[in-house]
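To keep things clear, I will list the structure first and then write my remarks on it.
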Amino acid sequence: MLTKDNQKKANIPSCDRSRYSQEKYKFFLEAPFEISNKCCNVMKKEPAHTYYRKTGRKPILATMASESRLRTQKWLHNGCNGFDLTIPTSTPMSFWTEQDVLWYIKENNLPICSVYGEVVTDYEAMGQCENQMTFSDYGIFGEERPLLKTTGCDRTGCVLCGFGCHLEKESRFLRLKETHPKFHNLLYVLKNNGVTYAEAIDWINEHGNMNIRY
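Okay, structure coming up:
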């Protein structure tokens with residue numbers, strides 16, 4: 021196990037463990053199927069890098085600093101335009117937040133992918149403390165704005181990606197079963213080392229004491 025000061029020890033209390041200590045996932049080392057975090061590199065990043073090398077065209081990305089700690093660090097270091105990066109990249113929306121995006125969509129009546137549903141006022145969150153700063157905090161757009169949400173998915177990725185699914189209150193797989201049953205059926209068809217996706221989930225639930233529903 022890893023402590024907060026990066027010391028390796030055994031039987032560390034939860035409060036003293038590093039956020040990067042991953043001992044609870046050790047059981048995956050015995051998994052009968054292959055696991056990797058390289059899929060994004062292979063399927064998204066490398067094709068984009070190859071395109072850059074062939075054409076010399078620089079990417080403009082809609083990533084936001086609020087989406088992850090890594091993107092926050094990159095924005096603080098490079099700003100919205102990383103001229104000195106190996107691949108010079110522009111991220112003009114870095115300082116936007118999710119609320120800013122939802123407000124812009126609603127204010128301009130922009131069409132969005134059907135899986136997100138509609139942008140509506142989040143009355144449940146209204147009145148609660150909102151920690152996320154938006155343009156309205158600086159008076160850029162005048163009057164105070166209501167908190168917004170989408171009636172469908174609030175975030176999407178690769179359809180059958182399982183990363184983080186054990187942390188969800190609402191199962192992404194059950195939602196997929198309702199909205200796109202043909203995609204959901206692939207859980208029983210796709211195999212990894214002879215193990216179907218559904219069987220892999222069952223194995224994880226059993227050996228990792230998780231409750232991933234599908």
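So the sequence shown is numbered by this note's numbering: it starts at 21 and just counts up by one.
Heads up, the beta-carbon is just placed ideally off N, CA and C, and yes, glycines get one too.
In this text the structure is predicted, and so the values were computed from the model without any measurement.
Check	Outcome
C-beta atoms of His204 and Lys211 nearer than 9 Å	no
Candidates Val179, Arg165, Lys64 and Gly76: closest to Thr141 by CA position	Arg165
Length of the line joining the Cα atoms of Lys58 and Ser86	23 Å
DSSP three-state assignment for Thr170, whether helix, strand or coil	strand
Nearest to Cys178 (by Cα), restricted to the options Arg192, Gly172, Thr170 and Tyr143	Arg192
Cβ pair count under 8 Å reaching 3, the segment 39-59 against the segment 219-227	yes
Own chain partners of Thr206 with C-beta closer than 8 Å, once the 5 adjacent residues on each side are dropped	First, the amino acid is wrong: residue 206 is Leu here, not Thr. If we look at Leu206 and ignore the five residues flanking it on each side, its Cβ neighbours are Leu180 and Tyr217.
Endpoints, alpha helix (DSSP H) assigned at Thr70	Glu66 to Thr75
Straight-line Cα distance separating Arg73 from Met144	The sequence given here places Glu at residue 144; Met does not occur at that position. Taking the straight line joining both Cα atoms gives about 48 Å.
Proximal residues to Asn61 (C-beta, below 6 Å), its chain only, five neighbours per side dropped	none
Limits of the unbroken alpha helix (DSSP H) element including Thr141	No alpha helix (DSSP H) contains Thr141, which is instead part of the beta strand (DSSP E) from Val139 to Thr141.
Cβ neighbour criterion (16 or more within 10 Å) applied to Leu81	exposed
Backbone secondary structure at Lys211 - three-state DSSP	strand
Coarse secondary structure for Ser191, derived from DSSP in three states	coil
Where Asn61 sits in the DSSP three-state scheme	helix
Identity of the residue in Thr171, Asn231, Thr70 and Leu167 nearest Lys189 by Cα	Asn231
In DSSP terms, what Asn102 is bridged to	Correcting the residue identity first, residue 102 is Gly in this sequence and not Asn. DSSP, once it has assigned bridges, lists Thr109 as partnering Gly102.
Of the residues Thr117, Thr199, Lys169 and Asn229, the one placed nearest Val139, counting alpha carbons only	Lys169
Closest Cα partner of Trp95 within the set Glu66, Thr111 and Cys185	Thr111
Enclosing alpha helix (DSSP H) for Asn129 [first to last residue]	Asn129 -> no alpha helix (DSSP H), and no H or E assigned at all.
Beta-bridge partners of Ile80, as assigned by DSSP	Ser110
Start and end residues, alpha helix (DSSP H) containing Lys202	Pro201 to His204
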